[in-house]
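Following: one structure in structure tokens, then a few remarks.
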Amino acid sequence: MFTYHCLNNISDTGLRHFGDAYQQVDTSDADAILVRSANMKEMDLSPNIKAVARAGAGVNNIPLDACSEKGIVVFNTPGANANGVKELVIAGMLLASRDIVGGIEWLEKQETTEDLPKVVEKQKKQFAGNEISGKKLGIIGLGAIGVMVANAAANLGMEVFGYDPFISVQAAWSLSRHIHHVTNLDEIYTKCHYITVHVPLSKETTGMIDGEAISKMKDGVVILNFARDGLVNEDAIVEALESGKVKKYVTDFVTPRVAKTKNTLVTPHLGASTAESEENCAEMAVKELVNYLQNGNIKNSVNYPNCDLGVCTSTGRLAINHRNIPNMIARLSRVLGEEGINITVFSNKCRGEYAYSLIDTDTEIPEDAVTDIMKIPGVLKVRIIK
Numbered sequence: 002m003f004t005y006h007c008l009n010n011i012s013d014t015g016l017r018h019f020g021d022a023y024q025q026v027d028t029s030d031a032d033a034i035l036v037r038s039a040n041m042k043e044m045d046l047s048p049n050i051k052a053v054a055r056a057g058a059g060v061n062n063i064p065l066d067a068c069s070e071k072g073i074v075v076f077n078t079p080g081a082n083a084n085g086v087k088e089l090v091i092a093g094m095l096l097a098s099r100d101i102v103g104g105i106e107w108l109e110k111q112e113t114t115e116d117l118p119k120v121v122e123k124q125k126k127q128f129a130g131n132e133i134s135g136k137k138l139g140i141i142g143l144g145a146i147g148v149m150v151a152n153a154a155a156n157l158g159m160e161v162f163g164y165d166p167f168i169s170v171q172a173a174w175s176l177s178r179h180i181h182h183v184t185n186l187d188e189i190y191t192k193c194h195y196i197t198v199h200v201p202l203s204k205e206t207t208g209m210i211d212g213e214a215i216s217k218m219k220d221g222v223v224i225l226n227f228a229r230d231g232l233v234n235e236d237a238i239v240e241a242l243e244s245g246k247v248k249k250y251v252t253d254f255v256t257p258r259v260a261k262t263k264n265t266l267v268t269p270h271l272g273a274s275t276a277e278s279e280e281n282c283a284e285m286a287v288k289e290l291v292n293y294l295q296n297g298n299i300k301n302s303v304n305y306p307n308c309d310l311g312v313c314t315s316t317g318r319l320a321i322n323h324r325n326i327p328n329m330i331a332r333l334s335r336v337l338g339e340e341g342i343n344i345t346v347f348s349n350k351c352r353g354e355y356a357y358s359l360i361d362t363d364t365e366i367p368e369d370a371v372t373d374i375m376k377i378p379g380v381l382k383v384r385i386i387k
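FYI, in this note's numbering the residues of the sequence shown are 2 to 387.
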């Protein structure tokens, strides 16, 4: 029996995929943790935790280094909420182009007299805007969401420029042939009327939309950020909004300063807040955990490499989380050989400082073998898959 603990409310549609071999518990001392937005940075990580699944894409609330060192595989759900975010980005562009919000707010303040239609006709010009068809859109990051935004915008008549030096083969195949794939960010900054950011938050991307980047943009540019709060430098965007360099800043991340700055459209982190997105993320997260706990397979991890030997049908299977250091394969093989265990399949994958080995055998694996493997320097966690 496996146990799991939910740090946030997780859709029942997803939880149903656990089945009878799983039990939900109210303690973090579980085999698996499911999380959405809860902050795990200060959480004590029990030795019993084998995996954490984030029902969403971002993992800034999870202590990745600590998890890696304890052999805890962290999963996310890339693409599961992509359509929900895409739709909000398109809505953000439309709201920034035409003062729809201002018009609605003005109308709510008017007295509902018989003259209201005439008043509206006289005043509506103050809320006039422009169409997005024919305008240039720059997309920084062509992952699941970026590709969807690009294709949708192209279908709306926009000329789309996409930048992503690490675009995947799958994303490239999914991208409309009408999208201009550029290799220099300056091309997006200088050409585009709208710029939307869809990259992870990292040391390299933190504050990437700064004063220097904004200075290269067209006067009256619209910047959209539905990816991560720290991607846009707050000082730079506030200054650009107040000077009029940036026409509108549309974001899904609320900060007191940005919320009170003129010409901002701030939504309360609604990107993935749809019933469909929550269900999709929950289903993917649970399926990833089940495949890892029952078969040892890793897919969509952010700290360990993908590794897949399919459904476990062998007599024995070992899952070993370890550091990516020389001679590890030989040491693991030696221990199993000394125990008289014959290896039928040995898969070893690495990702940066960490690696993962999945081993199938034609004999049962005794607990003594696990004890001996744990003594090998660099081994972090060992499991017998049953």
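Where a beta carbon is used, it is the ideal one built from N, C-alpha and C, also for glycine.
Quick caveat, the model's predicted, so the values are computed rather than measured.
With DSSP run on the structure shown, which of helix, strand or coil describes Phe3?
-> Position 2 of the sequence shown holds residue 3. For Phe3, the three-state secondary structure derived from DSSP is strand.
Range of the contiguous beta strand (DSSP E) that encloses Thr372 = To locate residue 372, count along the sequence shown from 1; it is residue 371. Looking at the DSSP string, Thr372 is not in any beta strand (DSSP E); the run it does join, the alpha helix (DSSP H), is 368-375.
Segment contact, 8 Å Cβ cut-off, at least three pairs: the stretch 364-376 with the stretch 105-115 | Between the stretch 364-376 and the stretch 105-115, the count of C-beta pairs closer than 8 Å stays below three; the two stretches do not touch.
Would you check if the distance between the CB atom of Val75 and the CB atom of Ala54 is smaller than 9 Å?
-> As a position in the sequence shown, residue 75 is number 74, starting the count at 1. As a position in the sequence shown, residue 54 is number 53, starting the count at 1. Their beta carbons are under 9 Å apart, which means Val75 touches Ala54 by this criterion.
Can Val312 and Phe19 be called in contact, C-beta distance under 9 Å?
-> Here residue 312 corresponds to residue number 311 of the sequence shown, with the count starting at 1. Here residue 19 corresponds to residue number 18 of the sequence shown, with the count starting at 1. No, these two residues do not count as a Cβ contact at 9 Å.
Contact under 9 Å by Cβ, Leu319 with Leu337 | Here residue 319 refers to the residue found at position 318 of the sequence shown. Here residue 337 refers to the residue found at position 336 of the sequence shown. It is a contact, given that the beta carbons lie within the stated cut-off.
Output the distance between the C-alpha atoms of Ala182 and Asp220, rounded to the nearest integer angstrom.
-> On the sequence shown, residue 182 is found 181 positions in, with the first residue counted as 1. On the sequence shown, residue 220 is found 219 positions in, with the first residue counted as 1. A quick correction: the sequence has His, not Ala, at residue 182. His182 and Asp220: Cα-Cα distance of roughly 23 Å.
Using DSSP with H/G/I as helix, E/B as strand and the rest coil, what is Ile101?
-> The residue given as residue 101 occupies position 100 in the sequence shown. Helix.
Chain-order list of residues whose beta-carbon lies under 8 Å from that of Val102 (same chain, five-residue window excluded) | Translated into the one-based positions of the sequence shown, residue 102 becomes position 101. For Val102, where only same-chain residues beyond five positions count, the Cβ hits under 8 Å are Leu96, Leu266.
Buried or exposed by the 16-neighbour rule on C-beta atoms within 10 Å, applied to Ala331 = The residue given as residue 331 occupies position 330 in the sequence shown. The residue in question, Ala331, is exposed, as its Cβ has fewer than 16 Cβ neighbours within 10 Å.
Does the beta-carbon of Pro64 have 16 or more other beta-carbons within 10 angstroms, so that it is buried, or is it exposed?
-> Sequence index remark: in the sequence shown, residue 64 carries index 63 (1-based). Residue environment analysis places Pro64 among the buried positions, since at least 16 neighbouring C-beta atoms fall within 10 angstroms of its C-beta.
When DSSP builds the beta bridges, which residues end up paired with Val347?
-> By one-based count along the sequence shown, residue 347 stands at place 346. Looking at the sequence provided, one finds Phe at residue 347 rather than Val. The bridge partners DSSP lists for Phe347 are Ile360.
Mind checking which residues open and close the beta strand (DSSP E) that includes Gly338?
-> Reading the sequence shown from its first residue, position 337 is the one you call residue 338. Run containing Gly338: none in the beta strand (DSSP E); it sits in the alpha helix (DSSP H), 329-339.
Near Leu117, which residues of its chain fall below 7 Å by C-beta distance, leaving aside the five closest residues on each side in sequence?
-> Here residue 117 is taken as the residue at index 116 of the sequence shown, counted from 1. Taking Leu117 as the centre and dropping the five residues before and after it, the same chain places the C-beta of Gln111 closer than 7 Å to its C-beta, in chain order.
Measuring CA to CA, which of Glu280, Asn301, Ile377 is closest to Asn328?
-> Residue 328 sits at position 327 when you count from the first residue of the sequence shown. Here the closest residue by C-alpha is Ile377.
Completely contained beta strand (DSSP E) runs for the stretch 64-92, where each covers 3 or more residues | Runs of the beta strand (DSSP E) lying entirely within the stretch 64-92, each at least 3 residues long, are 74-76 in chain order.
Three or more C-beta pairs closer than 8 Å, one from the stretch 201-215 and one from the stretch 16-36: is that the case here?
-> No contact exists between the stretch 201-215 and the stretch 16-36.
Roughly how many angstroms separate the alpha carbons of Val233 and Ile168, rounded to a whole number?
-> Position 232 of the sequence shown, counting from 1, holds the residue named residue 233. Position 167 of the sequence shown, counting from 1, holds the residue named residue 168. Straight-line Cα distance between these residues: approximately 22 Å.
Reference Gly245; option with closest CA among Asn292, Glu88, Ala260, Ile215 | Reading the sequence shown from its first residue, position 244 is the one you call residue 245. Check the Cα spacing between Gly245 and each of Asn292, Glu88, Ala260, Ile215: the tightest is with Ile215.
According to DSSP, what are the bridge partners of Lys463?
-> Residue 463 lies beyond the range of the chain shown here (2 to 387); nothing can be said about it.
Find out if the Cβ-Cβ distance for the pair Leu333, Phe227 is shorter than 9 Å.
-> For the purposes of this step, residue 333 is identified with residue 332 of the sequence shown, where counting begins at 1. For the purposes of this step, residue 227 is identified with residue 226 of the sequence shown, where counting begins at 1. Against a cut-off of 9 Å, the Cβ pair of Phe227 and Leu333 comes out as no contact.
Where Leu176 falls, given that 16 or more other Cβ within 10 Å makes a residue buried | Counting from one through the sequence shown, the residue named residue 176 turns up at place 175. By the C-beta density criterion, Leu176 is buried, having at least 16 other C-beta atoms within 10 angstroms.
In terms of alpha-carbon separation, which member of Glu339, Leu186, Gly212 lies closest to Pro166?
-> Residue numbering aside, residue 166 sits at position 165 when the sequence shown is read from its first letter. Proximity to Pro166 across Glu339, Leu186, Gly212 peaks at Leu186, based on C-alpha coordinates.
For His199, three-class secondary structure by DSSP = Numbered from 1 along the sequence shown, position 198 holds the residue referred to as residue 199. DSSP places His199 in coil when its eight states are reduced to three.
9 Å Cβ cutoff met for Ile196 and Ile141 = For the purposes of this step, residue 196 is identified with residue 195 of the sequence shown, where counting begins at 1. For the purposes of this step, residue 141 is identified with residue 140 of the sequence shown, where counting begins at 1. Going by C-beta atoms, Ile196 is nearer than 9 Å to Ile141.
Provide the residue span of the beta strand (DSSP E) that contains Ala54, from first to last.
-> In the sequence shown, counting from the first residue as 1, residue 54 sits at position 53. Start and end: 52-55.
By Cβ distance, which residues of its chain are closer than 7 Å to Val86, with the 5 residues on each side in sequence left out?
-> What you label residue 86 is simply residue 85 of the sequence shown in a count that begins at 1. Ile146, Phe227, Gly272, Ala273.
For Ser98, does the count of other Cβ atoms within 10 angstroms reach 16, so buried, or fall short, so exposed?
-> Against the sequence shown, residue 98 aligns to sequence position 97. It counts as buried.
Going by C-alpha distance, which of Asn264, Tyr293, Arg229, Gly130 is nearest Leu242?
-> On the sequence shown, residue 242 is found 241 positions in, with the first residue counted as 1. Nearest of Asn264, Tyr293, Arg229, Gly130 to Leu242, Cα basis: Asn264.
Answer yes or no: do Asn296 and Leu310 have a C-beta to C-beta separation smaller than 9 Å?
-> Looking up residue 296 in the sequence shown gives position 295. Looking up residue 310 in the sequence shown gives position 309. Closer than 9 Å, so yes.
For the beta strand (DSSP E) that contains Val267, what are its first and last residues?
-> For this step, residue 267 is matched to residue 266 along the sequence shown. For Val267, the enclosing beta strand (DSSP E) begins and ends at 265-267.
How big is the Cα-Cα spacing for Val36 and Gln25?
-> The residue given as residue 36 occupies position 35 in the sequence shown. The residue given as residue 25 occupies position 24 in the sequence shown. Straight-line spacing of the CA atoms in Val36 and Gln25 works out to 13 Å.
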